[in-house]
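Enquirer:
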Amino acid sequence: MWHCTVKVLKYGILLPFLNRTKIAQDIERLIHPNDIIDRVVYDLDNLSCLVPDEGDVLKFNSKFESGNLRKVIQIRKNEYDLILNSDINSNHYHQWFYFEVSGMRTGNAYRFNIINCEKTNSQFNYGMQPLMYSVQEALGGRPSWIRTGTDICYYKNHFSRSSIAAGGQKGKSYYTITFTVTFHHKDDVCYFAYHYPYTYSALMMHLQKLESTNNPQQIYFRQHLLCETLSGNNCPVVTITAMPESNYYEHICQFRNRPYIFLSARVHPGETNSSWVMKGTLEYLMSNTPGAQNLRESYIFKIVPMLNPDGVINGNHRCSLSGEDLNRQWQNPNPDLHPTIYHAKGLLQYLAAIKRLPLVFCDYHGHSRKKNVFMYGCSIKETIWHTNVSAASCDLIEDLGYRTLPKILSQAAPAFCMSSCSFVVEKSKESTARVVVWREIGVQRSYTMESTLCGCDQGKYKGLQIGTHELEEMGAKFCTGLLRLKKLTSPLEYNLPSTLLDIENELIESSCKVTSPTTYVLEEDEPHFLEEVDYSAESNDEPDIDLANNAGDYEPCLHEDGLSDSEITRTHLP
Numbered sequence: 001m002w003h004c005t006v007k008v009l010k011y012g013i014l015l016p017f018l019n020r021t022k023i024a025q026d027i028e029r030l031i032h033p034n035d036i037i038d039r040v041v042y043d044l045d046n047l048s049c050l051v052p053d054e055g056d057v058l059k060f061n062s063k064f065e066s067g068n069l070r071k072v073i074q075i076r077k078n079e080y081d082l083i084l085n086s087d088i089n090s091n092h093y094h095q096w097f098y099f100e101v102s103g104m105r106t107g108n109a110y111r112f113n114i115i116n117c118e119k120t121n122s123q124f125n126y127g128m129q130p131l132m133y134s135v136q137e138a139l140g141g142r143p144s145w146i147r148t149g150t151d152i153c154y155y156k157n158h159f160s161r162s163s164i165a166a167g168g169q170k171g172k173s174y175y176t177i178t179f180t181v182t183f184h185h186k187d188d189v190c191y192f193a194y195h196y197p198y199t200y201s202a203l204m205m206h207l208q209k210l211e212s213t214n215n216p217q218q219i220y221f222r223q224h225l226l227c228e229t230l231s232g233n234n235c236p237v238v239t240i241t242a243m244p245e246s247n248y249y250e251h252i253c254q255f256r257n258r259p260y261i262f263l264s265a266r267v268h269p270g271e272t273n274s275s276w277v278m279k280g281t282l283e284y285l286m287s288n289t290p291g292a293q294n295l296r297e298s299y300i301f302k303i304v305p306m307l308n309p310d311g312v313i314n315g316n317h318r319c320s321l322s323g324e325d326l327n328r329q330w331q332n333p334n335p336d337l338h339p340t341i342y343h344a345k346g347l348l349q350y351l352a353a354i355k356r357l358p359l360v361f362c363d364y365h366g367h368s369r370k371k372n373v374f375m376y377g378c379s380i381k382e383t384i385w386h387t388n389v390s391a392a393s394c395d396l397i398e399d400l401g402y403r404t405l406p407k408i409l410s411q412a413a414p415a416f417c418m419s420s421c422s423f424v425v426e427k428s429k430e431s432t433a434r435v436v437v438w439r440e441i442g443v444q445r446s447y448t449m450e451s452t453l454c455g456c457d458q459g460k461y462k463g464l465q466i467g468t469h470e471l472e473e474m475g476a477k478f479c480t481g482l483l484r485l486k487k488l489t490s491p492l493e494y495n496l497p498s499t500l501l502d503i504e505n506e507l508i509e510s511s512c513k514v515t516s517p518t519t520y521v522l523e524e525d526e527p528h529f530l531e532e533v534d535y536s537a538e539s540n541d542e543p544d545i546d547l548a549n550n551a552g553d554y555e556p557c558l559h560e561d562g563l564s565d566s567e568i569t570r571t572h573l574p
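1 is the number of the first residue of the sequence shown in UniProt numbering; add one for each residue after it.
(1) Quick check: what's the CA-CA separation for Asn495 versus Lys302?
(2) Would you call the region 130-146 in contact with the region 70-86, where contact means no fewer than 3 C-beta pairs closer than 8 angstroms?
(3) Nearest by alpha-carbon distance to Pro259: which of Asn273, Val72, Ile240, Gly270 is it?
(4) Over the uninterrupted alpha helix (DSSP H) stretch that includes Leu471, give me the two end residues.
(5) Considering Ile177, what are the terminal residues of the alpha helix (DSSP H) in which it resides?
(6) Tell me the rounded alpha-carbon separation between His185 and Glu79.
(7) Taking 7 angstroms as the limit between beta carbons, can you name the residues of its chain near Lys460, skipping five residues before and five after?
(8) Which two residues bound the contiguous alpha helix (DSSP H) that contains Thr340?
(9) State the Cα-Cα distance for the pair Val40 and Ser160, rounded to the nearest angstrom.
(10) So what's Ala413 in DSSP terms, helix, strand or just coil?
(11) Taking the C-alpha atoms as reference points, what is the distance between residue 647 and Ile261?
(12) Could you check what DSSP says for Ile313 in three-state terms: helix, strand or coil?
(13) Rounded C-beta distance between Phe97 and Phe192? I'm assuming under 8 angstroms.
(14) Which two residues bound the contiguous alpha helix (DSSP H) that contains Gly280?
(15) What's the C-alpha gap between Arg445 and Pro406?
(16) Just to confirm before moving on: does the CB-CB distance between Ser275 and Ser451 stay below 8 angstroms?
(17) Helix, strand or coil for Ile88 per DSSP?
(18) Here's the rule I'm using: 16 or more other beta-carbon atoms within 10 Å means buried, otherwise exposed. How should Glu493 be labelled?
(19) For Val189, which residues from the same chain have a beta carbon less than 7 angstroms from its beta carbon, with the 5 sequence-adjacent residues on both sides left out?
(20) Just verifying my parser: in three-state terms, what is the DSSP assignment at Gly455?
(21) In angstroms, rounded to a whole number, what distance separates the CA positions of Tyr93 and Tyr175?
(22) Report buried or exposed for His32, applying the criterion of at least 16 other Cβ atoms within 10 angstroms of its Cβ.
(23) Check the DSSP bridge columns for Tyr376 and list the partner residues they point to.
(24) Please return the same chain residues whose Cβ sits closer than 8 angstroms to the Cβ of Arg484, not counting the five positions on each side in sequence.
(25) With distances taken from CA atoms, which of Arg105, Arg328, Asn116 is nearest Asp187?
(26) How far does the beta strand (DSSP E) with Cys319 in it extend, from its first residue to its last?
(27) Using 8 angstroms for Cβ pairs, my map puts His343 next to Cys153. What's the rounded Cβ distance?
(28) Counting pairs of beta carbons, one from the region 471-484 and one from the region 427-445, are three or more of them closer than 8 angstroms?
(29) Are the beta-carbon atoms of Leu321 and Asp310 separated by less than 8 angstroms?
(30) Who are the Cβ neighbours of Leu44 in its own chain at under 6 angstroms, not counting the five residues just before and after it?
(31) Considering Cα atoms alone, identify which of Asp151, Asn314, Asn46, Tyr133 is closest to Leu230.
(32) How many Å lie between Gly280 and Met474 at the Cα?
(33) With Pro197 as the anchor, note down where its beta strand (DSSP E) starts and where it stops.
(34) Going by the beta-carbon positions, is the gap between Phe374 and Ser420 smaller than 8 angstroms?
(35) Could you check if Thr21 is buried or exposed, using at least 16 other CB atoms within 10 Å of its CB as the buried criterion?
(36) How would you label His251, buried or exposed, when you count the other beta carbons within 10 angstroms and need 16 or more for buried?
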């Protein structure tokens with residue numbers, strides 16, 4: 001399913017009354033609990049607990065690679081509450097979902113409520129739809145993931161988070177993603193996902209295909225083992241460049257002395273779009289186009305296409321099996337707990353030690369609350385501005401070359417938005433790949449490239465939800481941007497061509513509000529929904545639910561507030 005085509009659909013902006021309607025329906029459940037079926041129809045901890053085949057109850061499954069669904073409770077005849085797994089060895093990060101549904105009837109509108117989300121806002125409130133793959137459609141010759149669902153919204157619900165899950169805070173609520181689907185085929189088998197899935201198996205098959213179809217006389221393609229993960233999975237590192245023209249000394253020297261480009265992706269498993277962008281990059285680099293040939297002759301590409309294979313395989317959203325965000329471990333990675341980061345950083349340190357510092361480092365990510373594709377870079381000067389230090393402190397000389405590649409991409413890639421880029425180094429990001437590679441390794445052009453999970457609000461794709469075609473195109477355009485970068489710049493120097501010096505003011509004017517001569521405030525994409533119900537008064541009186549200690553202890557008894565344990569108890573994967 002990972003290689004199929006994708007339909008790109010128009011999206012519309014959510015109307016506020018939809019949130020009010022859904023919240024009112026939830027309140028109705030509290031007032032009239034006797035109208036609720038409240039029956040567990042799927043439990044990952046108790047798969048033997050089968051629901052009788054009554055013909056009108058959906059069947060669920062998530063026991064497959066990258067799947068994430070913990071428990072399902074039937075609320076009404078055609079309405080189901082879904083509970084997601086937390087990341088392994090963690091009690092939060094509920095966002096990525098990927099599950100199977102079968103046993104449906106045509107003509108019925110089925111409502112799905114994912115009730116244990118944590119983020120306070122989502123692009124589901126601003127036009128994004130979940131993804132669905134129909135086996136019946138695939139058998140009919142239409143194998144594609146499509147955006148689907150109506151009455152979609154994201155709002156705060158009445159389920160209170162335990163103090164452990166809420167980081168020691170009391171009274172915090174979960175959030176609900178709700179959407180309604182009417183199926184076109186009776187007894188179909190359909191898959192739903194937060195975004196287009198891209199599994200570890202898909203990556204390994206893709207690398208195998210690239211290697212088997214490669215012309216070794218022209219392209220140097222090597223797949224090596226960077227390291228093994230905590231669970232023993234291979235983490236590959238790929239090297240791509242052009243073969244030397246001949247065995248003459250000068251050609252071999254040119255081959256060995258090409259500058260490096262270091263790319264990585266998928267440190268966060270739920271950001272599957274980053275893998276599709278990386279797929280586009282790999283496909284372009286292995287293509288026969290003159291641009292790709294020029295790139296291979298100009299650079300040596302070191303690529304780690306999946307930094308967190310264990311998290312991807314197990315359906316995590318953000319963490320590895322250690323329960324930690326690997327993109328916060330770059331300052332001091334542990335070789336036993338964070339092997340992929342430890343060895344990726346070690347490879348970069350080795351290149352620096354032998355005076356082969358990469359010209360560009362870029363870590364591909366996905367962004368759940370903004371539209372378009374954009375970059376985060378690193379600038380001392382802009383960081384000083386952002387922290388409101390006096391203007392006298394900003395009279396330092398800084399090479400503006402870090403802006404060149406984003407500027408090029410804004411002109412070459414239709415999904416890229418320069419006004420969303422930022423080059424401020426925040427303290428909370430000091431242990432991320434981008435900042436550590438810039439500060440410790442010394443790569444000035446060190447970036448995070450963020451791709452939207454939703455769609456675009458500017459350019460050629462304005463008003464469209466993003467698909468795999470657009471993501472792969474972004475990966476290819478990144479490569480053409482590197483080609484233009486080669487033509488525009490030499491190795492970084494303090495004296496840049498005067499034609500590049502206007503980039504700084506142009507970006508600041510287009511992306512920031514000037515509140516003082518030295519303070520710039522980056523704008524957000526969407527405001528928060530302001531018409532939420534505050535459940536904190538009620539939830540403060542409720543005892544906290546310890547998710548870890550309640551693992552697998554489901555008893556469908558009702559509390560005084562009408563909530564069942566099935567609706568609030570969360571457990572961990574064994």
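Glycine is no exception: its CB is placed at the ideal position from the N, C-alpha and C atoms.
Expert: Reading from the atomic positions:
(1) Against the sequence shown, residue 495 aligns to sequence position 495. Against the sequence shown, residue 302 aligns to sequence position 302. Low per-residue confidence applies at Asn495: pLDDT is 37, beneath 50, and the placement is therefore not dependable enough to give any value.
(2) no
(3) Residue mapping note: residue 259 aligns to position 259 of the sequence shown, counting from 1. Of the candidates Asn273, Val72, Ile240, Gly270, the one whose C-alpha sits nearest the C-alpha of Pro259 is Ile240.
(4) Position 471 of the sequence shown holds residue 471. Note, Leu471: alpha helix (DSSP H), 468-488.
(5) Position 177 of the sequence shown, counted from the first residue, corresponds to residue 177. That residue, Ile177, is in no alpha helix (DSSP H); its beta strand (DSSP E) goes 173-182.
(6) By 1-based counting over the sequence shown, the position of residue 185 is 185. By 1-based counting over the sequence shown, the position of residue 79 is 79. Cα-Cα distance, rounded: 18 angstroms.
(7) Here residue 460 refers to the residue found at position 460 when the sequence shown is read from its first residue. Same-chain partners within the cutoff: Pro414.
(8) Position 340 of the sequence shown, counted from the start, is the residue given in the question as residue 340. Element bounds for Thr340: 339-353.
(9) Taking the first residue of the sequence shown as 1, we reach residue 40 at position 40. Taking the first residue of the sequence shown as 1, we reach residue 160 at position 160. Taking the straight line joining both Cα atoms gives about 20 angstroms.
(10) As a working note, residue 413 is residue 413 in the sequence shown. Coil, per DSSP.
(11) Missing from the structure shown is residue 647; the chain here goes from 1 to 574 and no further.
(12) Counting from 1 along the sequence shown, the entry for residue 313 is found at position 313. DSSP places Ile313 in helix when its eight states are reduced to three.
(13) As a working note, residue 97 is residue 97 in the sequence shown. As a working note, residue 192 is residue 192 in the sequence shown. Yes, Phe97 and Phe192 are in contact; Cβ-Cβ is about 7 angstroms, under 8 angstroms.
(14) Looking up residue 280 in the sequence shown gives position 280. Counting along the chain, the alpha helix (DSSP H) containing Gly280 begins and ends at 272-285.
(15) Numbered from 1 along the sequence shown, position 445 holds the residue referred to as residue 445. Numbered from 1 along the sequence shown, position 406 holds the residue referred to as residue 406. Cα to Cα, Arg445 sits roughly 10 angstroms from Pro406.
(16) Taking the first residue of the sequence shown as position 1, residue 275 is located at position 275. Taking the first residue of the sequence shown as position 1, residue 451 is located at position 451. Not a contact, by the Cβ cut-off of 8 angstroms.
(17) Position 88 of the sequence shown, counted from the first residue, corresponds to residue 88. Here Ile88 sits in coil by DSSP.
(18) The residue you call residue 493 lines up with position 493 of the sequence shown. Note that Glu493 scores a pLDDT of 40, beneath 50, so its modelled location is shaky; the value from the coordinates is reported in the next line. So Glu493 counts as exposed.
(19) On the sequence shown, position 189 is the one that residue 189 refers to. Excluding positions up to five away in sequence, the list reads Glu100, Ser102, Val135.
(20) Within the sequence shown, numbered from 1, the residue matching residue 455 stands at position 455. Here Gly455 sits in strand by DSSP.
(21) To locate residue 93, count along the sequence shown from 1; it is residue 93. To locate residue 175, count along the sequence shown from 1; it is residue 175. Answer to the nearest angstrom: the Cα atoms are 12 angstroms apart.
(22) Along the sequence shown, read from residue 1 onward, the residue named residue 32 stands at position 32. Exposed: under 16 other Cβ atoms inside 10 Å.
(23) Here residue 376 corresponds to residue number 376 of the sequence shown, with the count starting at 1. Paired residues: Ser422, Thr448.
(24) Counting from one through the sequence shown, the residue named residue 484 turns up at place 484. Same-chain partners within the cutoff: Ile408, Ala412.
(25) Translated into positions along the sequence shown, residue 187 becomes position 187. Asp187 has its Cα closest to that of Arg105, out of Arg105, Arg328, Asn116.
(26) One-based indexing of the sequence shown puts residue 319 at position 319. Careful: Cys319 lies outside any beta strand (DSSP E) and carries neither H nor E.
(27) By 1-based counting over the sequence shown, the position of residue 343 is 343. By 1-based counting over the sequence shown, the position of residue 153 is 153. No, His343 and Cys153 are not in contact; Cβ-Cβ is about 43 angstroms, not under 8 angstroms.
(28) no
(29) In the sequence shown, residue 321 corresponds to position 321, counting from 1. In the sequence shown, residue 310 corresponds to position 310, counting from 1. For the 8 angstroms CB-CB criterion, Leu321 and Asp310 form a contact.
(30) For this step, residue 44 is matched to residue 44 along the sequence shown. The answer, listed in chain order, is Arg70.
(31) Here residue 230 is taken as the residue at index 230 of the sequence shown, counted from 1. The shortest Cα separation from Leu230 among Asp151, Asn314, Asn46, Tyr133 belongs to Asn314.
(32) Numbered from 1 along the sequence shown, position 280 holds the residue referred to as residue 280. Numbered from 1 along the sequence shown, position 474 holds the residue referred to as residue 474. One C-alpha to the other measures close to 7 angstroms.
(33) As a position in the sequence shown, residue 197 is number 197, starting the count at 1. Pro197 -> no beta strand (DSSP E), and no H or E assigned at all.
(34) On the sequence shown, residue 374 is found 374 positions in, with the first residue counted as 1. On the sequence shown, residue 420 is found 420 positions in, with the first residue counted as 1. Yes, Cβ-Cβ distance for Phe374 and Ser420 is below 8 angstroms.
(35) Translated into the one-based positions of the sequence shown, residue 21 becomes position 21. Exposed: under 16 other Cβ atoms inside 10 Å.
(36) Within the sequence shown, residue 251 is the residue found at index 251, counting from 1. Result: exposed.
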